[in-house]
Every structure is written in structure tokens, then in C-alpha cells.
Amino acid sequence: MAVILAAGKGTRMKSELPKVALSVAGKPMIQHVLENLKSLNLSKIAVVVGYRQEEVKSRIDLKEYPQVVFAEQKEQKGTAHALLAAREAIGNESGTLLVTSGDMPLIQPETFEQLFHAQESQDVAACVLSSVQPDPTGYGRLVRDADGFLERIVEEKDADDEIRKIKESNAGTYIFESPGIFEILTRIDSSNKQNEYYLPDAVQVYRGQDRKIGTLILNDTDQTLGANTVDELAILEEKYNRFHAGQRAVSGS
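In C-alpha cells:
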């Protein structure tokens, strides 16, 4: 099972379209994400929509992706609130739940697969995809305990100078135990500078229950790129084209 968070507006994109409906290499970002999930043969994919949701829905071919269901986030209250909106759509089936963002089109199928394997092999309640960035400004930082397990994730706006020195950052993609994650989400508060319910705060709730949280460090930092501005969207397209040109060269096509 998977949830794609796709409810945001993308106010800095200078477009009336939802951010995930904007194109990279001639295709909406949400379509790229679905294509990258396709080989996993997931039983259900819940797409959380909100701002101008019909624009997002119209860009998903339900004949090609019959496992897709939609969930609505009626108010923009943060990523934990968005995932909680998918609770009914996902249901009470026991299993592992992949959560990713609809505006990260470069995360490859094998990375998603490795994250599932990492959660299982580390025997943890959740597993977080991370990367070590030369300049992680703007990203949440991963704080580890003495044993190397994840202790908490601190958002840039809430970080002090010491936390900001940490180079390992959150890639916004997770594996959680389901349906247990939904009870965890109800314990997250909004006492932060954005006054939002942050999904990364689930880590601290789990730790408060003596549960361990694992990580998968992604060496290819380009895969973790998203886009919040028009300039970043152009960089994303450049990285996408370069990656696929490299793939074609390797395959000889």
C-alpha cells in the first residue's frame, strides 16, 4: 500500500495549477511518481488531494492505475494531517505503508523497493529515506541516538545552529506499519513555527513508545529533489533529462 501526498498549492510556482500537476519533461509530476511505483504492484495507492483537486484527478488514468483511490485534505494543516486524511481510504488492513510526495518525480522504483526491504531487515516501526546533502538548507535534519537509530527529525525553521550543521536530511519518503501509523498521527501536535502537524514528528511519538526507527541513506541525492519555485522546477527537469539520457546510453537505445 502507498499514500501519495498531493494536496498542496505550490504558491511560489506562479501557477494556478496544483504543484503536482505541473509538468516535468512533458508529463505532470504526479504521473512520474505513479510510474515509479508501478513495478511494486501495490494493492492500493491513496492520492491525497486538496487544492483544485479535479486538476490532479484528471491527470491520473484510473484505467492504467485501477488501484488508485482518492482522499481529500480539506484544510492545509501539514503533512501529518494530510496522511491522516487517507485513513479511511487505506482502511484497517495490516501491512506496510509507503508514504511519498507527489512532487518528487526522480525517486526510482528500486529506491522504493530498498526502503521496504530496509524496514523489514532492520525490524523497525518505521523507516525514513534520507540523504547527505552538501547544503541541506531548507530540509529537515535527522538526529540520531547513540546506537545510530533515528531519534527525531527537526525542520529547518525549528532548528538551532547545532542542528543546522547536520548534513543528513529528510527525503520526505517513509515506510510505516499500518494501520498503527494512523493512531500515531493523532498524537502529533502543532507546536512549531508553522503551526502545522508535521509527519516527521511521528518519529518522536514512536520513540516515546520505545519503538525503533530506521533509515535508508540514499547516495544519489538528485532523487530527493523536489521543486518549490519555477527555478527549482527547471533544475528538476534538467536532472530528469540528464538521468534518462544516461539510462538510454547504458541500454544502448
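Residues -14 to 238 in the numbering used here are what the sequence shown spells out, letter by letter. We put the CB at the ideal spot given by N, CA and C, even for glycine.
Length of the line joining the Cα atoms of residue i and residue j
| i | j | result |
| --- | --- | --- |
| Ser28 | Pro121 | 34 angstroms |
| Thr214 | Ile220 | 10 angstroms |
| Val113 | Asn204 | 14 angstroms |
| Ser43 | Ala6 | 9 angstroms |
| Tyr225 | Glu105 | 30 angstroms |
| Tyr191 | Asp145 | 23 angstroms |
| Tyr124 | Gly76 | 31 angstroms |
| Phe161 | Leu100 | 11 angstroms |
Residues that DSSP places opposite residue i in a beta bridge
| i | result |
| --- | --- |
| Leu201 | Leu114 |
| Arg129 | Leu135 |
| Ala(-13) | Ile30, Leu83 |
| Tyr225 | None; Tyr225 has no bridge partner. |
| Pro13 | Ser8 |
| Tyr191 | Tyr191 is not bridged to any residue. |
Same chain, Cβ closer than 7 angstroms to residue i, five either side skipped, listed in chain order
| i | result |
| --- | --- |
| Leu170 | Ala65, Leu68, Leu69, Ala187 |
| Glu57 | Val34, Gly35, Gln38, Ala70 |
Burial state of residue i, where buried means 16 or more other Cβ atoms lie within 10 Å
| i | result |
| --- | --- |
| Gly80 | exposed |
| Leu47 | exposed |
| Thr85 | buried |
| Lys12 | exposed |
| Ile202 | exposed |
| Arg149 | exposed |
| Glu78 | exposed |
| Asp88 | buried |
8 angstroms CB neighbourhood of residue i in its chain, flanking five on each side removed
| i | result |
| --- | --- |
| Ile30 | Met(-14), Ala(-13), Val(-12), Ile(-11), Leu19, Leu22, Tyr50, Gln52, Val53, Val54 |
| Glu1 | Arg37 |
| Gln179 | Gly63, Glu140, Lys142 |
Chain-order list of residues whose beta-carbon lies under 6 angstroms from that of residue i (same chain, five-residue window excluded)
| i | result |
| --- | --- |
| Gly(-5) | Lys4 |
>> Could you tell me which whole alpha helix (DSSP H) segments of length 4 or greater appear in the segment 38 to 97?
In response: 38 to 42, 64 to 69, 72 to 75
> At which residue ranges does the segment 136 to 193 contain complete beta strand (DSSP E) runs of 3 or more residues, listed in the order of the chain?
Replying inline: 153 to 163
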